[in-house]
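Notes to accompany the following structure.
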Amino acid sequence: MSNGQEARRELLEPRVRVLHDEAALAARVDELARTIAARVPGDVTLVGVLKGAFVFLADLIRALDRHGLTPRVDFMRLSSYGMAKTSSGRIHLIGAAPDVAGRAVVLVDDIEDTGRSLAFARDLLLEQGASAIWTCVLADKPTRREVDFAADFIGFEVPDVFLVGYGIDYAERYRHLPYLGTIE
Ligand code: IMP
Ligand code: MG
93 MSNGQEARRE
103 LLEPRVRVLH
113 DEAALAARVD
123 ELARTIAARV
133 PGDVTLVGVL
143 KGAFVFLADL
153 IRALDRHGLT
163 PRVDFMRLSS
173 YGMAKTSSGR
183 IHLIGAAPDV
193 AGRAVVLVDD
203 IEDTGRSLAF
213 ARDLLLEQGA
223 SAIWTCVLAD
233 KPTRREVDFA
243 ADFIGFEVPD
253 VFLVGYGIDY
263 AERYRHLPYL
273 GTIE
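So for the sequence shown, our numbering puts the first residue at 93; every next one is plus one.
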């Protein structure tokens, strides 16, 4: 990167601190895939929650291939924070629900915070006729929980910090960062 680009980047991303770097993410995703592969059927359907889970899911699905699975993939979009840092607490589906009738599903999200999104998405996929469902998140913030919901597969437990990078945004920025970071 040129000095000019470096300076510009510092201006754009003034306060991002690396929490888990690329190597740590790759190693943990591979371990997660090994654990998941031992528990779920080979033709499982991964349902990613957009947009935050897209990078994690892209790595996870290829790691599952390395561990012998032949997963399908689908996505669903939920109402989000918008431009705020705290959830409104009211979750709803945007657009169509994935077709999971009769399928074993792993629901994949970036972060479990209050737990409302995952609980909502799990119930919705069961209503759509999923035959079995597990949940997987890259990062879990257990101290923030407001509904009693524990993900089956967790990449990293994190404290109450605001995460960005590896697909995760703040006001639609920072998704491109190849690492998981925090901002104030
Ligand atoms: P919950 O419904 O409160 O569990 O919120 C989960 C969703 O909130 C995640 O899928 C993220 O989209 C968003 N979220 C929670 N914490 C963070 C964060 O630290 N950074 C960015 N988005 C977050
Ligand atoms: Mg999300």
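The C-beta atom is built at its ideal place from N, Cα and C for all residues, glycine as well.
### Task
Would you kindly report the start and end of the unbroken beta strand (DSSP E) that includes ARG169?
From DSSP, the beta strand (DSSP E) with ARG169 extends over 164-170.
### Query
Whose C-beta lies closer than 8 Å to the C-beta of CYS120 among residues of the same chain, with five residues either side of it excluded?
For clarity, residue 120 is Arg in the given sequence; the question names Cys instead. Taken in chain order, the residues that qualify are HIS112, GLY247 and PHE248.
### Query
Would DSSP call LEU255 helix, strand or coil?
strand
#### Entry: Exposed unless 16 or more other CB atoms sit within 10 angstroms - verdict on GLY133
The question names Gly, but residue 133 in the sequence shown is Pro. Exposed, since its Cβ has fewer than 16 Cβ neighbours within 10 Å.
### Query
Among the residues of its own chain, which have a CB less than 8 Å from the CB of SER209, if the five just before and after it don't count?
VAL141, LEU170, SER179, ILE183 and ASP201
### Message
Is it buried or exposed, VAL250, if we count other Cβ atoms within 10 angstroms and call 16 or more buried?
### Response
By the neighbour-count criterion, in which a residue is buried when 16 or more other Cβ atoms sit within 10 angstroms of its Cβ, VAL250 is buried.
### Query
With respect to 6 Å, is the separation between the Cβ of VAL141 and the closest non-hydrogen atom of the ligand MG below this value?
Proximity of the beta carbon of VAL141 to the ligand MG is indicated: a heavy atom of the ligand is located closer than 6 Å.
### N-terminal and C-terminal residue of the beta strand (DSSP E) that SER230 is part of
Per the sequence shown, the amino acid found at residue 230 is Leu instead of Ser. Where LEU230 is concerned, the enclosing beta strand (DSSP E) stretches over 224-232.
### Task
In the DSSP assignment, find the alpha helix (DSSP H) that holds LEU210 and state where it starts and stops.
208-219
#### Entry: Alpha-carbon to alpha-carbon, GLY221 and LEU255
33 Å
#### Entry: Per-residue burial, GLU123 [other beta carbons within 10 Å of its own, 16 or more giving buried]
exposed
### Query
Looking at C-alpha atoms only, which residue of ASP191, MET168 and PHE241 is the closest neighbour of GLU204?
If we check each option's Cα against that of GLU204, PHE241 comes out closest.
### Task
Report the residue from ASP252, LEU217 and MET168 whose alpha carbon sits nearest the alpha carbon of ALA231.
Cα-wise, what sits closest to ALA231 is ASP252.
### Task
Consult DSSP for ALA196 and reduce its assignment to one of helix, strand or coil.
Strand, per DSSP.
### Length of the line joining the Cα atoms of ASP244 and ARG126
14 Å
### Residues near ALA189 by beta carbon distance below 7 Å, same chain, minus five either side
The residues MET168, LEU216 and GLN220, in chain order, have a CB closer than 7 Å to that of ALA189 in the same chain once the five nearest residues on each side in sequence are set aside.
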